[in-house]
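By the count of this note's numbering, the sequence shown reaches residue 382 at its end, each step adding exactly one. Backbone N, C-alpha and C define an ideal beta-carbon position, used for all residues, glycine too. What follows is a set of notes on a single structure, which appears directly below.
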Amino acid sequence: MGMNNQIKKDFERDVYCLAGIPVDNMTIESTKDYLRSRTDQDPPAVWSTVNVNWIVQSFKDKEFRKAIINSDLVTLDGKPLLWLSKLLGYPMTEVVPGSTMIQELHEDTDTQKKLTIFFFGGEGNVGALAMEKVNAQPSGLKAVGAINPGFGSIEEMSTTTILKEINQAKPDILLVALGAKRGTAWIQHNRDKLNAKIISHLGATVNFLAGTVKRAPRLFRTISIEWLWRILQEPKLFTRYASDGWVMFCWIAKQFFVWKQFSRLQKQLEREKSVEEVVESVQGSRTILSFGKTISTAQTVPIRQIFSDCVRLGKDVTFDFQKTEFVGGGFMALILILKKYQMQNGCRLEIINVKKPLTKLFRFFYICGF
């Protein structure tokens, strides 16, 4: 996949902003199709699965949040985030946990092409054990390697020897299990050096495949108490779950009245079926985009093309929100994707003339740093 085509595809994603993270509207089946399609494409696709812990950590760590935004695909891993998405009026219908997705691929024995998988990380010899278990039974996966790099720095885990071993295996899926922050940092540090088609940090998945930790029974997952099973299996998780839950509850409570305002305006827009307005003007290497009163999620088709063209041409971009009173979560997600490319290309993204009601929405969506 050429760079211009990759940029175009990124802006075509059905994506929505959730707590400052662009999250894709995907199902188990559509994710499976996406992953299989990416095994025939370059460069590597980075897939992140976000749960409450990832959201909470992204509040505290800008680099971690940036790493998630830099992903090519972001799916929901946990019912609380699905419920939050529904409260925002987003069309998500199901969660796509990494462990479920890998298990689906593992059990897909009727596939014409097995996907190869390489395990990087995990405690002790759990990666090697997962490799052994996967290859010992009928599977849609074929494990082609496992490395436990220990607990060194990112640089110490990124030696030529380590990268060479991964690249010689040419895995379709590189499953990283180093802990969320270290794992995403390692992926960002090495993604351009890796000969893997899909790279994802799926920490607990390697334990499930190895059999060292039992995954929650389907009933627990169906009624949304998988967290309770995980605590029973690993009591040390109680403190983390309690802390993350409290932080998330406080954040939601703080944003409650802004959410009510957002919901009211969104419903009003749906009734009015207002038409978007965007005026594009060029001043040298800078493109100025002036928006109308509202920018709903459904009104982003021409905007996606403009954003894609600005990135492709290396333009500085200025948003003028002088007339704007409301923006939808889909547009907010596109801003995050545009910001990603502007930072990578050394180009500016500036926002001007933001009125107070819109400032509250930006804070509500955790859009910051402009």
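**Report entry** Those residues which DSSP pairs with A155 across a bridge
**Finding:** I129
Query raised in the report: With respect to the beta strand (DSSP E) encompassing F331, which residues constitute its N-terminal and C-terminal limits?
Result: 328-332
Requested in this report: Name the residue from A216, P56, F377, W258 whose alpha carbon lies nearest to the alpha carbon of T112.
Outcome: A216
Report task. Could you work out which residue in V291, K209, V188 is closest to I199 when comparing CA atoms only? Result -> V188
**Report entry** Residues near K145 by beta carbon distance below 8 angstroms, same chain, minus five either side
**Finding:** L221, A222, G223
Requested in this report: Give every residue of the same chain whose Cβ lies closer than 8 angstroms to the Cβ of M260, excluding the five residues on either side of it in the sequence, and list them in chain order.
Outcome: V64, I67, V68, P92
Query raised in the report: How about L301 and V294: are their beta carbons less than 7 angstroms apart?
Result: no
Query raised in the report: Counting Cβ pairs closer than 8 angstroms, one from the segment 322-338 and one from the segment 359-375, do we hit at least three?
Result: yes
Requested in this report: Find out if the Cβ-Cβ distance for the pair D89, A57 is shorter than 7 angstroms.
Outcome: no
Query raised in the report: Between C7 and the rest of its own chain, which residues show a CB-CB distance below 6 angstroms, the 5 nearest in sequence each way excluded?
Result: The displayed coordinates of the chain run from 13 to 382. Any statement about residue 7 would go beyond what the structure contains.
Requested in this report: Figure out for me which residue from P183, P161, L249 has the closest Cα to the Cα of T173.
Outcome: P161
Query raised in the report: Exposed or buried, what is G32 when buried is set at 16 or more other beta-carbons lying within 10 Å of its beta-carbon?
Result: buried
Query - Cα-Cα separation between I347 and E238, rounded to whole angstroms - result: 34 angstroms
Query raised in the report: S151: which of S320, F132, D122, F163 sits nearest, CA to CA?
Result: D122
**Report entry** Opposing strand residues paired with S60 [DSSP bridges]
**Finding:** V86
Query raised in the report: Which word fits W59, buried or exposed, when buried means at least 16 other C-beta atoms lie within 10 angstroms of its C-beta?
Result: buried
Query raised in the report: Comparing alpha-carbon positions, which option in K20, A197, A158 lies nearest V218?
Result: A158
Query raised in the report: Are the beta-carbon atoms belonging to D184 and L117 less than 7 angstroms from one another?
Result: no
Report task. Using beta-carbon positions only, say whether N207 and K182 come within less than 7 angstroms of one another. Result -> yes
Query raised in the report: With distances taken from CA atoms, which of T371, R227, D36, L240 is nearest S97?
Result: D36
Requested in this report: With a cut-off of 8 angstroms on the beta carbons, I'd call F333 and L370 a contact; round off their distance for me.
Outcome: 6 angstroms
Requested in this report: Could you check what DSSP says for R4 in three-state terms: helix, strand or coil?
Outcome: The structure shown has nothing for residue 4, since the chain only spans 13 to 382.
Query raised in the report: Between E119 and the rest of its own chain, which residues show a CB-CB distance below 8 angstroms, the 5 nearest in sequence each way excluded?
Result: S151, G152
Query - Limits of the unbroken beta strand (DSSP E) element including R298 - result: 298-303
Query - Distance between F274 and T336 (C-alpha atoms, nearest Å) - result: 14 angstroms
Requested in this report: Report all residues from its chain with a CB closer than 6 angstroms to the CB of R50; omit the five preceding and five following residues, and keep chain order.
Outcome: A57, K209, I210
Query raised in the report: Grouping DSSP H, G and I as helix and E and B as strand, with all else coil, what is A142?
Result: helix
Requested in this report: Using only alpha-carbon positions, find the residue among M15, G101, K20, T87 that is nearest to W271.
Outcome: G101
Query - Per-residue burial, Q180 [other beta carbons within 10 Å of its own, 16 or more giving buried] - result: exposed
Report task. Out of Q317, K193, F130, point me to the one whose CA is closest to K74's CA. Result -> K193
**Report entry** Three-state secondary structure assigned by DSSP to L249
**Finding:** helix
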